[in-house]
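Residue numbers (our numbering), protein chains in the order written: chain S, 1 to 852; chain L, 853 to 1072. This report refers to the structure that appears directly beneath it.
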Amino acid sequence: MSADPGQSWRLAARLARRELRSGLGGFRIFLACLALGVAAIAAVFSTQAILDRSIAADAREILGGDVLVELVHRPASAGERAAIAAMGPVAASAEMRAMARAERPNETGAGGRTLVELKTVEDAYPLYGALETDPPLSHDAMFARRDGRWGAAVAPELAARLGLARGDTVKIGEARFEVRATIGHEPDRIGGLGLFALGPRVMISDAALADTALVQPGSLIRYKYRVRLPQETTPAAFIGALEDTHPDAGWRIRTLDESSPRLTRLIGRVTLFLSFVGLTALLVGGVGVANAVRAWLDGKIATIATVKCLGAPRALVFRIYLLQVLAIAVIGTAIGLAVGAVLPILAADLLAAVVPIRVSAGLYPLPLAVAAAFGLLTALAFSVWALGRAGDIAPGNLFRALVAPTRGWPRAPYVAATALLAATLAALAVATASDTRFAIWFVVGSAGAMVAFRLAAAGIAHAAARITGVRRPAVRLALAGLHRPGAATAPVVLSLGLGLSMLVTVATIEGNLSRQISDELPDKAPSFFFVDIQPDQISPFESLVAEIAGFERSAQVPMLRGRITRVNGVPADEAAVDPSGRWVLRGDRGITWADRPPAHNDIVRGEWWPADYAGELLVSIDERVAQGLGLDLGDTITVNVLGREFTARIANTRRIDWQQLAINFVMVFSPGPLEAAPRMYIAVVHAAEAAEDPLERRVTDSFANVTSVRVRAALETVAALVGNVGAAVRLTALVTLVSGTLVLAGAIAAGHRRRIYDSVVLKVLGATRRDINTAYVLEYGLLGLVTAVIAAVVGSVTGWAVVIWLLRIDWAFTPGAVVATTGIATAITVGAGLVGTWRAMGQKAAPWLRNE
Amino acid sequence: MIALADAHLHLASAGGDVNILRGIDLSVATGETVGVVGPSGSGKSTMMMVIAGLERLTRGTIEVAGTNLAQLDEDALARFRRTRVGIVFQAFHLIPTMNALENVAVPLEFAGNADAFAIARATLESVGLGHRLDHYPAQLSGGEQQRVALARAFAPGPDLLLADEPTGNLDGETGQRIVDLLFDLAARNGTTLLLITHDPAIAARCDRIVHLADGRIVTE
């Protein structure tokens, strides 16, 4: 069979090329749909590549060294420090949150104050990159003590917030600092603070820290040792050497791969979500591709029948048209790739403003290749069905001057090829996603949504066909328009429905998130968290806050930071844990002890220990974390606190209501062993809004070492971050809707000739323009409305699933999003339908009647 | 060349089964020209489609050029048509995206003929269109289009030429010229010709006339 010259790919290519000479006229929607989807995916993946590459390129600067050793609560001992320094030059720093108070009175007569992110630096700082300050000063000139004041470099926001000029004095803890410079660029800022800082940066020398009296037992200070390794020493060798000499130090060692883990994770999450939105746009575009290919092949029926009459076998017909579709797909994909590659480069400045790193924009082949694969696979998956049917066109039709399109299923190999292509597309989506489980849900969900919309379309057509006895001709016409052969019902419901569902999903998720952050949390949230209260300050602290007018209530708990080092005796790095539990093992966690269960916590498994319990160390652990770590009652976890290891048996698990913004701990231990460790207290204070300023002033004036975190301000920072991410997601979701609208426009254009003929005949029969318009408004309005209602249900259910299972926050129905979606859908369909009708109505009747 | 025996064809339709051919026996010798006439719906086109291998009989046998068409699958029939059967339609059915030369070359290309374009050129010249090789169907008159269609049908040198109302879309004078050309080509190439027509004058030029009515041959 392969020897048959009539089946050769070369012949097919030659014939395909001849046909393509007639231009790409029928392929505008195909090209636009594919280009749009590919552009969205290419832009999202390219942006991720640009950010990842930029972080990797500056990893040394961002981390501040080749490796970073981090300890919480305590500095490295002399022995530990010596072991670290033996490997290479070290820049040590201590980082903590503290209160900065301007010494000069402000308008209210009291000095302004604010929480700052304090960081001590040594002469060796920075090991990589440069600290840029205004004015540029030497380490000594910047930080040394002069006339009883230490030097400080402060972020411009602090200077602005407290009204500080160079030479002014700011108090931090017990020490006075002269503002000597403002910070322009801090090379390792993003690695230290991520995107989310509670206050502006202040840099001082390590010698000055002692004078602040902020270093108290248990204060939350992170001691960081950044090391420049000689070329011959690998990070692995460094880690191995430190673990050999100081196995129980309890430090966390970060290498260049995790220079800014929080930022990388955030970028990964946002990209994951955006790429799925982009894929939905591509799927919607796929519906446009399928329609375009079908309409195009319908116009080729006579040609196909002719070549079959002339002796072309079925396979040759398939190949001729497959090659043409492929050629158009390559063009569409190339346009999409070009747009998707250039957009992130053009938006590099915008990107740099959101993510404070040096963005090295450029072309990244891998993300573009992935986007191209998505584009070509989509084009093929959505066209093989129609192409397969083209081979079935009966050549005998030419004798009857009957060129009816073939409908129904193509032959088995084409059905199998479509299934295989769809499976490959799904596999690619899963393989390229950073979260496999989420990707599988997306694939299953979008396949389910497509089936649901297809069934809904069939249902609408079926129902429209069953409605009888309608007396008004306009309504009868509208109903007929929904179920007649070749009606736009299926493609419009499917494509617009998918696009709108995505929009409703995004709007629902965002609505729930912002309601949570802006509306609900502030009502429940306390006014302040006060951190680093020493045990002997607790009683005076309580009395002081109780005196202030507007004070409502406060609660205090002891807090330590500890890192889980072993799970059931297995080192944490080697423990087999579910990805959902991995975060608990990353870095240190706040821990506490208590003799009774915390408020807002429900015991899920096991029992709380008796109030006078004094036996083996027990721990109560968050239920979800226990599941993530695969822990059961009676299992053990080991935490390292200040270099000492504590192993505790799990006595019970709790369900924590994190939304209460109370002081919640993943791990609560039984009283006893931990009480001996140096600790500090953390207090939550609820007060009237008017009482917040005086309360903060009184507390920070009286307790210089205590840091206040204003919850309202922190929530605003989070809200701004969510807003930025939300804007990006909304923009991508809009691409999906544009794709859906393109498909709609294509479907309406395909029915243009029919509409002209219908309106001509109706006019001949005495219908007014108004009658005809009413019929079309009804038809498209009905289509838009039904599509919107289904999309609202699908989108809301998807949004609900994400809110409940992924974000794990309370769900509330957001009617605004649904109403807006319904309005948009109806407006788009009616608008597009009317534009088409308007053009049809302008046609003169005579030529059409003669031709027909 | 053609042997149809007890040929029946019924098609299922929404309104019930329709018997289109009801037992046709027809034998056509090599080189013979046969005119097929009859009212609309009498089964003329369907009989021609059966002979072209484009429609299968429900009952009876069909042999063309010694080949039992019932034993060939769809692709084998396509290969058979390429070289053995030429077809000319009332509506020309040229491929709009190909110029005259390419239209004529297509069946030769399907057959893997290395000289496809040379033969196509010569055939077009023989029908008086040597100066129109690069023209697309839309740039040709109706008569010119039908001449291209004739060239396409004759170029592979078929044993049998089937023509379905080849002048139906042409004015009288142009139609006359096409019919002259058709008979001339058939005679020159020794091609068997089966011609459907409503025009008694054209039918009269054939060696034999077959009258069809209601799916049966009524007179010969």
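Ideal placement from N, C-alpha and C gives every residue a C-beta, glycine not left out.
Closer than 8 angstroms to the CB of L421(S) there is not a single CB belonging to chain L. Here DSSP, grouped into helix, strand and coil, assigns D1016(L) to strand. Linking G1020(L) to I971(L) through their CA atoms gives a straight-line distance of about 28 angstroms.
L1046(L): not part of any alpha helix (DSSP H); member of the beta strand (DSSP E) spanning T1044 to I1048, first to last residue. Comparing alpha-carbon positions, the option among G408(S), P365(S), L778(S) and T182(S) lying closest to A152(S) turns out to be T182(S). Judged by their CB atoms, P678(S) and F646(S) are not nearer to each other than the 8 angstroms cut-off. D602(S) places its beta carbon 8 angstroms or farther from that of R561(S).
Within a 10 Å sphere around the beta-carbon of S501(S) sit 16 or more other beta-carbons, which makes this residue buried. In the pairwise beta carbon analysis, the region 8-20 of chain S is classified as touching the region 320-327 of chain S: at least three pairs are separated by under 8 angstroms. Using a Cβ-Cβ cut-off of 9 angstroms, H945(L) is close to A302, T303, A305, T306, C309 and L398 of chain S, given in chain order. DSSP places P694(S) within a helical segment (H, G or I) once states are collapsed to three.
Shown here, W150(S) sits in a strand according to DSSP, grouped into three states. In the structure shown, the three-state DSSP call for R17(S) is helix. Judged by DSSP secondary structure, H185(S) falls outside any alpha helix (DSSP H) and instead within the beta strand (DSSP E) spanning A175 to H185. With respect to chain S, the C-beta atom of M950(L) has a partner C-beta closer than 8 angstroms. The beta carbon of R28(S) does not come within 8 angstroms of any beta carbon belonging to chain L, so the residue lies off that interface. Taking the Cβ atoms as the reference, L778(S) lies roughly 6 angstroms from A474(S), within the contact range of under 8 angstroms.
Residues of chain S with a Cβ closer than 9 angstroms to the Cβ of P989(L) do not exist, since the nearest Cβ in that chain sits about 11 angstroms away.
Taking 8 angstroms as the threshold, the shortest C-beta distance from D858(L) to chain S does not fall below it. Residue E1017(L) holds the alpha-carbon nearest to the alpha-carbon of S892(L) among L1022(L), N1041(L), T1044(L) and E1017(L). Per DSSP, the continuous beta strand (DSSP E) segment holding H1063(L) begins and ends at R1060 to A1065.
Residues of the region 920-931 of chain L with a C-beta atom less than 8 angstroms from some C-beta of chain S are E926, D927, A930 and R931, listed in chain order.
Look at the region 861-922 of chain L and you find these whole runs of alpha helix (DSSP H), each 4 residues long or longer: 896-903.
Looking at T468(S), I621(S) and R437(S), the one whose alpha-carbon comes closest to that of R649(S) is I621(S). When the five nearest sequence neighbours on each side are left out, the beta carbons in the same chain lying within less than 6 angstroms of the beta carbon of L71(S) are those of Y223 and W251, in order along the chain. The beta carbons of V317(S) and G391(S) sit closer together than 8 angstroms.
Non-local beta-carbon contacts of A1056(L) in its own chain, meaning distances under 8 angstroms to residues more than five positions away in sequence, involve G887 in chain order.
With contacts defined as CB atoms closer than 8 angstroms, A85(S) and L242(S) fail to qualify as a contacting pair. Residues of chain S with a Cβ closer than 9 angstroms to the Cβ of E961(L) are, in chain order, P5, G6, L11, R14 and L15.
In the structure shown, T306(S) adopts helical secondary structure according to DSSP, grouped into three states. Around the beta carbon of H73(S), 16 or more other beta carbons sit within 10 angstroms, so the residue counts as buried. The Cβ atoms of A952(L) and V889(L) lie no closer than 8 angstroms to each other. According to DSSP, R254(S) shares a beta bridge with L68(S). A Cβ-Cβ distance of about 6 angstroms is found for the pair A461(S) and A487(S), placing them in contact under the 8 angstroms criterion.
L274(S) has its alpha-carbon roughly 14 angstroms from the corresponding atom of P367(S). For R314(S), the chain L residues whose C-beta falls within less than 9 angstroms of its own C-beta are E926, D927 and A930, listed in chain order.
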